[in-house]
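Residue numbers (the working numbering): 1 to 94.
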(Lines of atoms letter the chains of each structure in order from A; the text may use other names.)
(Lines give C-alpha, C1' and ligand atoms only; values in the text may rest on other atoms or scores of the structure.)
Protein backbone atom coordinates (compact mmCIF):
# COMPACT_ATOMS: atom_id res chain seq x y z
CA UNK A 1 0.00 0.00 0.00
CA UNK A 2 1.32 3.44 -0.95
CA UNK A 3 1.43 5.94 1.89
CA UNK A 4 0.17 9.39 1.05
CA UNK A 5 1.79 12.52 2.37
CA UNK A 6 -0.05 14.67 4.86
CA UNK A 7 -0.55 17.31 2.15
CA UNK A 8 -2.13 14.75 -0.22
CA UNK A 9 -4.43 13.44 2.53
CA UNK A 10 -5.55 16.96 3.41
CA UNK A 11 -6.23 17.69 -0.28
CA UNK A 12 -8.30 14.53 -0.63
CA UNK A 13 -10.23 15.35 2.54
CA UNK A 14 -11.04 18.80 1.14
CA UNK A 15 -12.23 17.27 -2.14
CA UNK A 16 -14.41 14.80 -0.24
CA UNK A 17 -15.97 17.75 1.65
CA UNK A 18 -16.68 19.49 -1.65
CA UNK A 19 -18.13 16.22 -3.00
CA UNK A 20 -20.51 15.98 -0.05
CA UNK A 21 -21.52 19.63 -0.46
CA UNK A 22 -22.41 19.30 -4.16
CA UNK A 23 -24.39 16.05 -3.88
CA UNK A 24 -27.68 17.77 -2.90
CA UNK A 25 -27.51 19.85 -6.09
CA UNK A 26 -27.27 16.83 -8.40
CA UNK A 27 -30.13 14.79 -9.79
CA UNK A 28 -30.00 11.04 -9.29
CA UNK A 29 -28.72 10.50 -12.84
CA UNK A 30 -26.02 13.20 -12.54
CA UNK A 31 -24.89 11.79 -9.20
CA UNK A 32 -24.66 8.32 -10.72
CA UNK A 33 -22.61 9.59 -13.69
CA UNK A 34 -20.22 11.48 -11.41
CA UNK A 35 -19.88 8.46 -9.12
CA UNK A 36 -18.95 6.32 -12.13
CA UNK A 37 -16.32 8.90 -13.08
CA UNK A 38 -14.91 8.68 -9.54
CA UNK A 39 -14.39 4.95 -9.91
CA UNK A 40 -13.10 4.95 -13.48
CA UNK A 41 -11.05 8.17 -13.64
CA UNK A 42 -10.27 9.48 -10.17
CA UNK A 43 -8.09 12.36 -11.30
CA UNK A 44 -10.74 13.59 -13.73
CA UNK A 45 -13.31 13.24 -10.97
CA UNK A 46 -11.21 15.43 -8.66
CA UNK A 47 -11.09 18.18 -11.28
CA UNK A 48 -14.80 17.79 -12.03
CA UNK A 49 -15.79 18.14 -8.36
CA UNK A 50 -13.84 21.39 -8.07
CA UNK A 51 -15.35 22.82 -11.27
CA UNK A 52 -18.88 21.80 -10.32
CA UNK A 53 -18.47 23.28 -6.84
CA UNK A 54 -17.32 26.58 -8.38
CA UNK A 55 -20.25 26.51 -10.83
CA UNK A 56 -22.73 25.96 -8.01
CA UNK A 57 -21.20 28.79 -5.98
CA UNK A 58 -21.46 31.20 -8.94
CA UNK A 59 -25.08 30.25 -9.53
CA UNK A 60 -25.98 30.68 -5.86
CA UNK A 61 -24.25 34.07 -5.70
CA UNK A 62 -26.27 35.15 -8.73
CA UNK A 63 -29.41 34.18 -6.83
CA UNK A 64 -30.31 31.34 -9.17
CA UNK A 65 -31.73 28.01 -8.12
CA UNK A 66 -29.29 25.20 -8.80
CA UNK A 67 -30.13 21.66 -9.80
CA UNK A 68 -27.62 19.93 -12.04
CA UNK A 69 -29.19 17.31 -14.25
CA UNK A 70 -27.35 14.79 -16.38
CA UNK A 71 -27.38 17.00 -19.49
CA UNK A 72 -25.90 19.98 -17.61
CA UNK A 73 -23.28 17.71 -16.04
CA UNK A 74 -22.34 16.28 -19.44
CA UNK A 75 -21.89 19.81 -20.81
CA UNK A 76 -19.70 20.80 -17.85
CA UNK A 77 -17.59 17.66 -18.22
CA UNK A 78 -17.26 18.08 -21.99
CA UNK A 79 -16.00 21.63 -21.53
CA UNK A 80 -13.62 20.52 -18.82
CA UNK A 81 -12.13 17.63 -20.77
CA UNK A 82 -12.39 18.74 -24.40
CA UNK A 83 -8.65 19.39 -24.47
CA UNK A 84 -8.02 15.79 -23.43
CA UNK A 85 -9.92 14.21 -26.29
CA UNK A 86 -7.86 11.57 -27.94
CA UNK A 87 -6.36 12.35 -31.26
CA UNK A 88 -5.75 9.40 -33.53
CA UNK A 89 -2.12 8.50 -33.99
CA UNK A 90 -1.14 7.44 -37.45
CA UNK A 91 2.07 5.50 -37.72
CA UNK A 92 3.68 4.26 -40.86
CA UNK A 93 5.52 1.00 -40.41
CA UNK A 94 8.18 0.23 -43.01
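For every residue, glycine included, the Cβ atom is placed at its ideal position computed from N, Cα and C.
Source: prediction; values computed, not measured.
Sequence-distant Cβ neighbours of residue 71 in its own chain, meaning closer than 8 Å and more than five residues away, do not exist here. Residue 56 has its alpha-carbon roughly 20 Å from the corresponding atom of residue 43. Buried is the label assigned to residue 77, since at least 16 other Cβ atoms lie within 10 Å of its Cβ. Counted as a single uninterrupted DSSP element, the alpha helix (DSSP H) harbouring residue 42 occupies residues 42-61. A distance below 7 Å between beta-carbons, with the five flanking residues on each side excluded, links residue 22 to the following residues of its chain, in chain order: 49, 52, 53, 56.
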